[in-house]
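Here the sequence shown stands for residues -4 to 311, numbered as in the working numbering. Glycine residues also receive a C-beta, built at the ideal position from the N, C-alpha and C atoms. Input: a single structure, listed below in structure tokens.
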Amino acid sequence: MSLLSFSSPPADRGQPTLDSLTSEEIEQAERDKFGIDQVITEETPEIIQNALEQLDEELQTISEKEAYELAEMFCPDYVRSTNFRLMFLRSTKFDAAQAAQKMVIYWSRKVELFGPDRAFRKMSVRDFEDDEGDRLALALGGICALPEPDEAGRRIIYSMRSRWVENSKSMVRLSWLALHVALEDNVSTQQHGMVGIVVNTLSSQPPDISTHRYHQKINRIIWRDFQEALPLQIMSAHTYVRSSITHSIIMDNMLFAIGRHLRARYCHYNIFGEFLAALEAHGMDETILPAELGGSLDFNYEEWLDQERRRVAELL
């Protein structure tokens, strides 16, 4: 993997170099960023049935899948449900081999993150009740799924890093919850994918270097899980941070770690007005953005959290 650094003109600050990509890959990355000419697999009953059978066959060929086998033992109805398996197939454009690999990694990673007591059930806010860091992370909502999709039907995962907590595992767990909120029982999001909006701070001062370094460390883990373990399609990511040269060096290192696919779809800005203009150009206008970004979206995270807690309590 080659180290890619920021080298684009100032007006397009933060775009990584694309020298290692083919012209077709560059064109596809641009289509993904703008949400144009999306290819949605036709889902006839026959196609779905064949894909599920192929997925079963591919899973049988994977020898090391201890966590997946535990999931089949402890939550068979969930792990073998059509809806759960279709999430993984849709995330790979119905490539059964890739979907099987992702499912195995998903369960391994989920057990690592949540432990066996919380891993083998459908994710919800109750998974954040026992750990103090988890409770604080959930209350602050530093990573959440916004309710409205963009013009291309893509759901937005919004991260305000000034509301992140110091417990790194809690932040990664919160990112998993946000993804499950966006994906589960939402076929459109599974088909059209996700866009990430990441804001370091709205303060006039950039975060200190140690904080920025910590944020990028957690960011690398989250983006790795998004690509390798979770059943979603990442269409693009837009980051705003007031930065210095040192901040940019740290950002270069983060881009090195997230992989060539996401690097081609990752946009970084250090001027707030340019950031907002770019979001609108990429199909995210003020009507679907929160008020702290100058938007008019009617979304109150605390109210959503209260409603979600009541909903989960009624199901118990």
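Rounded separation between residue i and residue j - CA only
| i | j | result |
| --- | --- | --- |
| S76 | Y101 | 15 Å |
| T241 | R168 | Because the pLDDT at T241 is just 48, under 50, the model does not fix this residue reliably, and the point stays unresolved. |
| L81 | S18 | 31 Å |
| N195 | R158 | 9 Å |
| M189 | L311 | 30 Å |
| E59 | R306 | 37 Å |
| F294 | P142 | 8 Å |
| Q185 | Q93 | 16 Å |
| V182 | L131 | 30 Å |
| I57 | L300 | 38 Å |
| R219 | I213 | 10 Å |
| E275 | E287 | 15 Å |
| P111 | Q44 | 31 Å |
| E298 | P40 | 39 Å |
| I42 | P71 | 23 Å |
Neighbourhood of residue i by C-beta, 8 Å cutoff - its chain only, sequence neighbours within 5 removed
| i | result |
| --- | --- |
| Q55 | none |
| A173 | I138, C139, A140, I152 |
| A273 | H233, C262, Y264 |
| Y296 | G136, C139 |
| D180 | N78 |
Close-in-space but distant-in-sequence residues of the same chain around residue i (CB under 6 Å, 5 per side omitted)
| i | result |
| --- | --- |
| F89 | T36, A46 |
| V74 | A66, E67 |
| F69 | F115 |
| R260 | A24, D27, K28, S231 |
| V106 | A62, A114 |
| D122 | R113 |
| G191 | I152, A232 |
| E48 | none |
Supposed contact pair residue j and residue i - C-beta distance, whole angstroms, cut 8 Å
| i | j | result |
| --- | --- | --- |
| R255 | S15 | 6 Å |
| P285 | K97 | In fact, because the Cβ distance is near 30 Å, the residues do not count as touching under 8 Å. |
| L50 | L84 | 6 Å |
| E281 | G289 | 6 Å |
Neighbourhood of residue i by C-beta distance below 7 Å, restricted to the same chain and skipping five residues each side
| i | result |
| --- | --- |
| F79 | Y73 |
| I217 | V167, S170 |
| M118 | W171, L172, H175 |
| E303 | V120 |
Residue closest to residue i, alpha-carbon to alpha-carbon, out of the options
| i | options | result |
| --- | --- | --- |
| N265 | T234, L84, I57 | T234 |
| E61 | G110, D126, S103 | S103 |
| E309 | V120, I31, V236, I152 | V120 |
| V193 | E223, L172, V236, F221 | V236 |
| N162 | I152, L108, P40 | L108 |
| V99 | E64, P71, G110 | E64 |
| A224 | E48, A95, P71, E275 | A95 |
Beta carbon proximity, residue i to chain D, threshold 8 Å
| i | result |
| --- | --- |
| P144 | Among the protein chains of the structure shown there is no chain D, as only one such chain exists. |
C-beta contact flag for residue i and residue j at 8 Å
| i | j | result |
| --- | --- | --- |
| M279 | D145 | yes |
| G128 | S154 | no |
| G30 | A147 | yes |
| Q33 | H277 | no |
| V160 | L135 | yes |
| G137 | R150 | no |
| E386 | A91 | Because the chain is modelled from -4 through 311, residue 386 falls outside the range shown and cannot be assessed. |
| L257 | Q222 | yes |
| I283 | L292 | yes |
Closer than 7 Å: residue i CB and nearest the ligand FMN heavy atom
| i | result |
| --- | --- |
| L131 | What this structure holds is no ligand at all, so the ligand FMN is not there to describe. |
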